[in-house]
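What follows is a single structure, written as structure tokens, with notes after it.
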Amino acid sequence: MKKFLTIDIGGSLIKYGIIDEDGTLLYKSEIDTEAHLGGPSIINKVKKIGETLLEDYTVEGICVSTAGQVDSRLGKVIYATPDIIPDYTGLSVKEELESFFKLPTEVENDVNCVGLAESWLGKGKNAKSLFCLTVGTGIGGSYILDNQLHTGFSYSGGEIGYMLMNDHQTLQQIAATSSLIEYVSEKKKVDPSSLNGKIIFEQAKKGDQICIDGIDRMVKHLSKGISTIIYMMNPEMVVIGGGISAQESYLKPLIYKELEKIMVPAIFTQTSIEFASNMNNAGLIGALRNFLIKEALHPINKIITSIDSNRNKLTKKEQIIADYILNNLSEVPNLTINEMAKKIGVGEASISRFTKKIDVGSFNNLRMLTSRATASKKKMENRSNQYHNIKTLYDDVITRFEESAIAKDIDLIKQTLMTNDRFFLVGKHALEKELTFMKDKLLELGFDVQLFTDISQRNLSKKIVNDSIKVLVFDVEGYDGSLVDYVKEVNQVTNTVGITSQTDSPLARQVGKIAILPFSKNDEQSNAYEVSFYFFMDLLTNALGQVSSESIKDNSKIKSA
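Going by this note's numbering, the first residue of the sequence shown is number 163, and it counts up by one from there.
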């Protein structure tokens, strides 16, 4: 079985080991990073580690997980906080190590590696979509869809720690372990250096109220961040990693309780919340997983890297050849050298020299490499398009609500509820789940409401409806004939209010008053309709929640408002 050298570079420790291709660690150790000495010093340490281990092991490649924002295609650190690791930004880790060891090397951000580890050999190994949230000194995140890491346009996807939570504070400023330590040290009036997360949790378990309050505060903020992830990304699972993952038994019940309080149940209950199982080995395992994925996509990476790394050596004509290949990758395997030369307007000799300069060797080698690269690219694009289409669908839900003037429609429903004593909620049987949720929410808020979705039930309700009962009719499209007929009859007895998405629908023309809301189409291809419905319910319950329960129950106050 193949073996690999795996390295996890953190701000405090460099963990390293020998790992086989199925993710089993054969050897593991660690040394202090001494990050203050800078990036070049860290790379020298990695080289010494490798030299020592390669005396005893034969490996197929080097897998690196590192702190900092990483261009994983080039294996280069795009940015690292200078206060933590000076002179690390801009360092080409992949190039440095490949040149030294003469072995293929792949480099990825440490948080992304934790996500890859959990989706491969951890809690998320059976999940189609997974968001990994790491909480330690800071907060980071990574998104895995169909076992593929999605890093975004500029390799910063998942950086949820920088998300602004109020006017001036980010999530990691109020929910990271460093924030917990700062809070507890201020309350206890002790030096922050005398505390760490482990100590605070131990004291909390012994009943220390300040530590308990500090953790509760962190959980509250962290849960808001998790709810945002779930609403925006709709992952099957959220995995919590980093230093706090060791406190699963303490934290998990608190996080669940807080999420149940602040989230729409139908959305929250569809998402699993788990704690990382790979613990301190996550970076090492994830670095291997990243290497194996990159190795599978090696042809396309090799072409791009070979061209980019030799750009400065190319003549103007050779630059034209390079651009043509990168922009027309799928055409190259089907062309002869003569055909390509004519297409580009260069000589065959220029193409031959080009293949040698980028270390491919010959035009035939280039054709074979682009053929394999095209197959890899198609596979990647299919998965990427699937993700993009889903994301666009859910982005559209939020956009439609943002662009619609819905405040007056929400207020119409609110005023109808606040100024009447009793209500019938009427809709199609196909929407019984959503309407039951709506009924239950209104009952919780103190409203007297009955639900009728079955046609026979609706017919019976016509016998008991009177002018003291107001009727809310819900139909997304507004074209259900039986509901329109129901409204025609009930209008003779009492007032009706319709809730639909279609202004010119038969329902909209029949009801006494109409609330138009931008619900997504109800179909079997996605959950976009459900998301739009529960988003509407959040808006409505928030509006109703601004009124005290006392005023809901005191009808005289309501009717005089």
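All C-beta atoms in this analysis are idealised placements derived from N, C-alpha and C, irrespective of residue type, glycine included.
Tell me where the alpha helix (DSSP H) around residue i begins and ends.
i	result
residue 258	255 to 263
residue 173	Residue 173 -> no alpha helix (DSSP H), and no H or E assigned at all.
residue 420	410 to 424
residue 344	339 to 350
residue 706	690 to 707
residue 498	From DSSP, residue 498 is part of no alpha helix (DSSP H); its letter is neither H nor E.
residue 515	510 to 519
Please report the straight-line C-alpha distance between residue i and residue j, rounded to a whole angstrom.
i	j	result
residue 633	residue 273	52 Å
residue 269	residue 600	49 Å
residue 542	residue 535	With a pLDDT of 49 at residue 542, under the threshold of 50, the modelled position of this residue cannot be trusted; read the value that follows with caution. Approximately 10 Å, taken between the alpha carbons.
residue 260	residue 457	15 Å
residue 163	residue 181	10 Å
residue 339	residue 401	17 Å
residue 185	residue 447	6 Å
residue 661	residue 287	42 Å
residue 366	residue 439	23 Å
residue 613	residue 657	17 Å
residue 326	residue 385	14 Å
residue 635	residue 603	16 Å
residue 490	residue 347	60 Å
residue 319	residue 571	36 Å
residue 238	residue 363	37 Å
residue 630	residue 321	54 Å
residue 527	residue 473	19 Å
residue 199	residue 176	14 Å
residue 301	residue 377	16 Å
residue 380	residue 647	54 Å
residue 558	residue 310	24 Å
residue 285	residue 293	11 Å
residue 501	residue 488	17 Å
residue 194	residue 351	30 Å
residue 295	residue 499	50 Å
residue 305	residue 693	20 Å
residue 720	residue 582	At residue 720 the pLDDT is 36, less than 50, meaning the model places this residue with poor confidence; the figure from the coordinates comes in the next sentence. C-alpha separation (whole angstroms): 8 Å.
residue 682	residue 562	9 Å
residue 414	residue 375	16 Å
residue 433	residue 698	20 Å
residue 703	residue 580	12 Å
residue 397	residue 337	21 Å
Beta strand (DSSP E) containing residue i: first to last residue?
i	result
residue 312	310 to 312
residue 368	Where residue 368 is concerned, there is no enclosing beta strand (DSSP E), given that its DSSP letter is neither H nor E.
residue 291	291 to 297
residue 271	267 to 271
residue 614	610 to 614
residue 618	No beta strand (DSSP E) holds residue 618; the alpha helix (DSSP H) holding it covers 617 to 626.
residue 233	231 to 233
residue 190	187 to 194
residue 437	434 to 437
residue 630	Residue 630 -> no beta strand (DSSP E), and no H or E assigned at all.
For residue i, which option in the options has the closest C-alpha, if you only look at C-alpha atoms?
i	options	result
residue 568	448, 284, 239, 680	680
residue 668	232, 645, 656, 362	645
residue 360	187, 593, 298, 335	298
residue 191	203, 307, 211	211
residue 393	183, 430, 358	430
residue 618	572, 225, 533, 589	589
residue 247	664, 197, 648	197
residue 213	455, 433, 474, 264	264
residue 204	245, 187, 407, 249	249
residue 560	696, 530, 651, 437	696
residue 202	257, 183, 341	257
residue 253	206, 275, 670	206
residue 596	426, 303, 344, 433	426
residue 224	233, 169, 217, 410	169
residue 407	664, 674, 436, 391	436
Which whole-angstrom value is the C-beta distance of residue i and residue j, which I expect to be below 8 Å?
i	j	result
residue 404	residue 333	Rounded, the Cβ-Cβ distance is 13 Å, inconsistent with contact.
residue 242	residue 172	No, residue 242 and residue 172 are not in contact; Cβ-Cβ is about 12 Å, not under 8 Å.
residue 532	residue 465	7 Å
residue 165	residue 220	7 Å
residue 585	residue 627	That pair is no contact at about 10 Å.
residue 574	residue 677	5 Å
residue 520	residue 469	6 Å
residue 651	residue 624	6 Å
residue 674	residue 659	7 Å
Checklist entry - Any contact of the region 512 to 520 with the region 476 to 496, i.e. 3+ C-beta pairs under 8 Å? => result yes
Next on the checklist: Below 8 Å, how does it come out for the region 433 to 443 and the region 278 to 290: are there three or more Cβ pairs, yes or no?
Outcome noted: yes
Item to check | Cβ contact check for the region 413 to 422 and the region 308 to 318: 3 or more pairs under 8 Å | outcome: no
Item to check | Sufficient close CB pairs (3 or more, under 8 Å) joining the region 500 to 507 to the region 481 to 490 | outcome: yes
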